[in-house]
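Letter by letter, the sequence shown follows residues 274 to 446 in this note's numbering. We treat Cβ as the ideally placed atom computed from N, Cα and C, and that holds for glycine. Just so it is clear, the structure is predicted and the values come from calculations on it, not from any experiment. Encoded as structure tokens, the structure appears first; notes follow it.
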Amino acid sequence: MEEFHKHMRALADKLLELFLMALGLTDEQVGAVEAERRIAETMTATMHLNWYPRCPDPRRALGLIAHTDSGFFTFVLQSLVPGLQLFRHAPDRWVGVPAVPGAFVVNVGDLFHILTNGRFHSVYHRAVVNRDLDRISLGYFLGPPPHDKVAPLREAVPPGRTPAYRAVTWPEY
Ligand code: OGA
Ligand code: NI
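Below is the structure:
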């Protein structure tokens with residue numbers, strides 16, 4: 274677990290940097306955001322190990338109720354038994370996320386939605402159970418320390434506009 278955590282934490286730092294660059298920030302701006310907010314340095318991680326026992330009538334069972342993850346982003350490692358579903362619009366429907374061997378699914382969470390002023394949307398998702406097979410998944414959740422305020426990055430707010438969200442701490446949110 275400790276070894277896994279070490280590698281995942283490094284992967285999270287790398288992904289955070291890629292996310293910020295995808296917002297259109299330059300290397301210098303990414304550096305400035307880090308110097309000011311110290312997001313990568315202070316990000317904290319929680320790991321959930323989920324076991325979904327098989328169920329003869331999956332439609333009548335709850336795997337994991339529909340939700341958004343509240344933190345910055347989550348890495349989900351699924352066993353080969355699929356079950357993770359995302360909600361898509363137009364038309365409204367649940368879409369299964371294929372279990373790709375060796376691949377992580379990355380969920381954007383609500384506080385990252387706030388941090389990026391809504392440029393990256395948090396994803397509404399759920400997990401369903403399987404009729405024949407037990408399912409295992411691992412969630413690695415990244416977020417800010419509990420007492421840090423999270424506010425939209427200046428760089429993510431269009432010039433002349435006010436931020437779409439106020440600053441909140443994770444517990445307050
Ligand atoms: C979660 C989650 C999905 C899964 O733990 O927040 O969404 O596939 N897990 O278990
Ligand atoms: Ni989730």
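Does the distance between the C-beta of N403 and the nearest non-hydrogen atom of ligand 1 fall short of 7 Å? If you number the sequence shown from 1, residue 403 lands on position 130. Remark: the shortest separation between the CB of N403 and any heavy atom of ligand 1 does not fall under 7 Å.
Rounding to the nearest angstrom, what Cα-Cα distance links V423 and G382 in this structure? Position 150 of the sequence shown holds residue 423. Position 109 of the sequence shown holds residue 382. The alpha-carbon atoms of V423 and G382 are separated by roughly 13 Å.
When burial is assigned at 16 or more other CB atoms within 10 Å of the CB, is L388 buried or exposed? Position 115 of the sequence shown, counted from the start, is the residue given in the question as residue 388. With 16 or more other Cβ atoms within 10 Å, it is buried.
By a C-beta neighbour count over all protein chains shown, 10 Å radius and 16 as the cutoff for buried, is L293 buried or exposed? Position 20 of the sequence shown, counted from the start, is the residue given in the question as residue 293. Sixteen is the threshold: when 16 or more other Cβ atoms of the shown chains lie within 10 Å of the Cβ of L293, as they do, the residue is buried.
So does the segment 422-438 actually touch the segment 346-354, counting three or more Cβ pairs closer than 8 Å? No, the segment 422-438 does not touch the segment 346-354.
Taking the Cβ atom as the reference point for each residue, do L406 and R327 lie within a distance shorter than 8 Å? Along the sequence shown, read from residue 1 onward, the residue named residue 406 stands at position 133. Along the sequence shown, read from residue 1 onward, the residue named residue 327 stands at position 54. Contact flag set, yes.
Is L357 a contact residue of ligand 1, with contact defined as CB to any heavy atom under 7 Å? Along the sequence shown, one-based indexing puts residue 357 at 84. Checking the Cβ of L357 against ligand 1 gives yes.
So is H394 buried or exposed if we call it buried at 16+ other beta carbons inside 10 Å? Working through the sequence shown from its first residue, we reach residue 394 at position 121. Here H394 is exposed: its Cβ has fewer than 16 other Cβ atoms, across all protein chains shown, within 10 Å.
Exposure label - G369; buried when at least 16 CB within 10 Å: Within the sequence shown, numbered from 1, the residue matching residue 369 stands at position 96. So G369 ends up on the exposed side.
Check for me: the alpha helix (DSSP H) holding R310 runs from which residue to which? Looking up residue 310 in the sequence shown gives position 37. That run of the alpha helix (DSSP H) goes 300-310.
Alpha helix (DSSP H) containing R392: first to last residue? Translated into the one-based positions of the sequence shown, residue 392 becomes position 119. Here R392 belongs to no alpha helix (DSSP H), and DSSP marks it neither H nor E.
How about H398: is its Cβ closer than 7 Å to a heavy atom in ligand 2? Translated into positions along the sequence shown, residue 398 becomes position 125. With a cutoff of 7 Å, H398 counts as near ligand 2, since its C-beta is closer than that to a heavy atom of the ligand.
Are the beta-carbon atoms belonging to D343 and Y446 less than 8 Å from one another? Within the sequence shown, numbered from 1, the residue matching residue 343 stands at position 70. Within the sequence shown, numbered from 1, the residue matching residue 446 stands at position 173. The question names Asp, but residue 343 is Ser in the sequence shown. In this structure, Y446 lies closer than 8 Å to S343 by Cβ.
Can the beta-carbon of G336 be found closer than 8 Å to that of V401? Along the sequence shown, read from residue 1 onward, the residue named residue 336 stands at position 63. Along the sequence shown, read from residue 1 onward, the residue named residue 401 stands at position 128. A contact, by the Cβ cut-off of 8 Å.
Flag H340 as yes when its Cβ comes closer than 7 Å to any non-hydrogen atom of ligand 2, and as no otherwise. Position 67 of the sequence shown holds residue 340. Flag set: Cβ of H340 near ligand 2.
Other residues of its chain near R392: CB distance less than 7 Å, five sequence neighbours each side excluded: Counting from 1 along the sequence shown, the entry for residue 392 is found at position 119. Correct list, in chain order: L296, A429.
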